[in-house]
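Numbering (UniProt numbering), first residue to last: 1 to 109. Idealized CB from N, CA, C, for every residue including glycine.
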Amino acid sequence: MACAQEDRLMTAAIDFGTTYSGYCFSFRHDFENDPLKVSANTWTAGTAGLVSLKTPTTVLLDSNQELVAFGYEAEDRYAELAEDEEHAEYYYFRRFKMTLFQSSSVSFV
Numbered sequence: 001m002a003c004a005q006e007d008r009l010m011t012a013a014i015d016f017g018t019t020y021s022g023y024c025f026s027f028r029h030d031f032e033n034d035p036l037k038v039s040a041n042t043w044t045a046g047t048a049g050l051v052s053l054k055t056p057t058t059v060l061l062d063s064n065q066e067l068v069a070f071g072y073e074a075e076d077r078y079a080e081l082a083e084d085e086e087h088a089e090y091y092y093f094r095r096f097k098m099t100l101f102q103s104s105s106v107s108f109v
């Protein structure tokens, strides 16, 4: 059963990009007061101190293929693991969006 528009509490948008990704959202009560009021997450790059509305489309998985980190956090964590030569058991993917689109051999568990 579809939700009536007046029952929706919020609207969200995800920008899953090839290089960078981000998201934003708006609550219904905020939209009713100011349709231009949109909230967005800010991401911080630890090593560079950069604050941005987008984060790299980068994923770090552990040996069980469980999510360890995403975005700047994934980049920083993998760099630390590689520096300590502890990265061999991890899966690190960056800029992978178009590979998902083009590959018929990718499966989702």
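With a cut-off of 8 Å on the beta carbons, I'd call residue i and residue j a contact; round off their distance for me.
i: Leu-60; j: Tyr-92; result: 5 Å
i: residue 163; j: Tyr-20; result: Summary: the structure shown does not reach residue 163, with the chain confined to residues 1 through 109, and so no result is reported for it.
Tell me the residue span of the beta strand (DSSP E) that contains residue i.
i: Arg-94; result: 91-94
i: residue 115; result: The structure shown does not extend to residue 115, since the chain is modelled only from 1 through 109, so no value can be given for it.
In the DSSP assignment, the alpha helix (DSSP H) including residue i goes from what residue to what residue?
i: Thr-42; result: Element bounds for Thr-42: n/a, residue is neither H nor E.
i: Leu-100; result: 97-102
Residue i to residue j, Cα distance in whole Å?
i: Ala-45; j: Val-51; result: 7 Å
i: Ala-88; j: Ser-63; result: 9 Å
i: Val-68; j: Asn-33; result: 39 Å
i: Lys-37; j: Phe-70; result: 27 Å
i: Leu-81; j: Phe-27; result: 39 Å
Closest to residue i by CA distance: which of the options is it?
i: Gly-49; options: Asp-34, Arg-28, Tyr-72 and Leu-67; result: Tyr-72
i: Asp-15; options: Glu-86, Phe-25 and Phe-31; result: Phe-25
i: Asp-30; options: Thr-18, Arg-8, Asn-41 and Gly-17; result: Arg-8
i: residue 110; options: Glu-83, Thr-11 and Met-98; result: The shown model of the chain, from 1 to 109, leaves out residue 110, and the question about it has no answer.
i: Gly-17; options: Thr-58, Gln-65, Glu-85 and Gln-102; result: Thr-58
i: Ala-74; options: Met-98, Thr-99 and Trp-43; result: Trp-43
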